[in-house]
Amino acid sequence: MNNKENMDETCVQTAKSCQSNRNIHALVVDLKMDIQNFASMITGIGQMMQNQPDTVDIPSDLIMGRWFQVYKAAVNFDVYRTQMYCPVAYFKANRVMGEDGFSMEEAYRTVSKHGPIETFKRDLNKVGSGKYWMYTEEYFYPRQFYIIKAGPNFTNETTVDKADIQYLVVTDGSRLALQVYARDPLTFYQKYNKEVGKFLDAAGYGGKVFWNSPRPIYQGPDCEWPSEKEVFARRVLKNHEANQRSANSTEMPPNALADMLKNPQMALQKLVQMS
């Protein structure tokens, strides 16, 4: 092998070595960045958990009526509502839930903006200034409903006669949940969308803790929202059908106990076949 070939081979090996070193360096940098990002995210979560959000105390009479949800958190922890289109909610007083207690009867479309309608109800009782426990039909445990902003003109110092509430920003104690409701979607996008976005940025929704970043929900002019009466009727029918299915699947024949005592194995087989 002559000197030229030796030099060429040396250059090739050197290039490969340099490229390998660059790859290793890039990997180390990426790993360092990932660790830093993860540490920042954990720090952000810790701060969120430690610092309870400031809430706005609103007389419930001022928020009754129809609302449209326009934003939700990027990561939805509600397994029943992973996809929503054109959601509408009807707030109405429910004195059974105590002073300032109310109910929310909601409907939204699944699959697409013209897809099937799903409905559900939530009952809320007030537990503090702007803080509610929320009970939903699909869950056996209460969830938090904290009102952290109402606008364009309402604070804890605002008198009722000067209140102007066209939107609500709602979260929970850990600030992982997020719902933004508007009286009218078009008016909200035209007048209040920017100020709500700035408020959410300042309040820590988004950034390192990506899963509570606000994500818009489709509320276009072609949405077809069911009326309050239709939502109520659909919910009653859904609950009736669910109760029937539950009764049919758990109902035991009259002689089930006697059969179980006589032949436990055979009785268990029958019950399994019924379920």
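If you use numbering that gives the first Met the number 0, the sequence shown closes out at 274, no skipped numbers anywhere. The beta carbon of each residue, even a glycine, is placed where N, CA and C say it ideally should be. Remember, it's a predicted structure, so these values are computed and weren't measured experimentally.
* **Chain-order list of residues whose beta-carbon lies under 6 Å from that of residue 89 (same chain, five-residue window excluded)** => 65, 104, 227
* To do: Express the C-alpha separation of residue 50 and residue 236 in angstroms, rounding to a whole number.
  => 42 Å
* Do residue 187 and residue 166 come within 8 Å of each other at the CB atom, strictly closer than that value? -> yes
* Which of helix, strand or coil DSSP assigns to residue 51 -> coil
* Rounded C-alpha distance that separates residue 281 from residue 199 -> This structure leaves residue 281 out entirely; the chain is present only between 0 and 274.
* Asked: So, using beta-carbon positions, are residue 122 and residue 145 closer together than 8 Å?
  -> no
* Counting only the same chain and skipping the five closest in sequence on each side, list residues whose C-beta sits under 8 Å from that of residue 183. => 67, 165
* Cβ-based burial, residue 211 [other Cβ within 10 Å; buried from 16] -> buried
* Whole beta strand (DSSP E) elements within the region 129-192, 3-residue minimum -> 130-135, 142-152, 163-170, 178-181
* Which residue from 75, 223, 247, 246 puts its Cα closest to that of residue 87? -> 223
* Asked: Opposite residue 276 in the DSSP bridges: which residues?
  -> Past the edges of the chain, shown from 0 to 274, lies residue 276, and the structure says nothing about it.
* **Rounded C-alpha distance that separates residue 120 from residue 148** => 23 Å
* To do: Tell me, to the nearest whole angstrom, how far the beta carbon of residue 225 is from that of residue 70; I am working on the premise that it is less than 8 Å.
  => With 8 Å as the limit, residue 225 and residue 70 do not qualify as a contact, their Cβ atoms being about 21 Å apart.
* Asked: Can the beta-carbon of residue 174 be found less than 8 Å from the beta-carbon of residue 203?
  -> yes
* For residue 52, collect the residues of the same chain with a Cβ closer than 8 Å to its Cβ; drop the 5 residues on either side in sequence, then sort them by chain order. => 145, 147, 170, 172, 174, 202
* residue 124 versus residue 143: straight-line alpha-carbon distance, rounded -> 10 Å
* **Beta carbon of residue 152 nearer than 8 Å to that of residue 163** => yes
* Examine chain D for any beta-carbon lying closer than 8 Å to the beta-carbon of residue 65, and answer yes or no. => Of the protein chains in the structure, only one exists, and it is not chain D.
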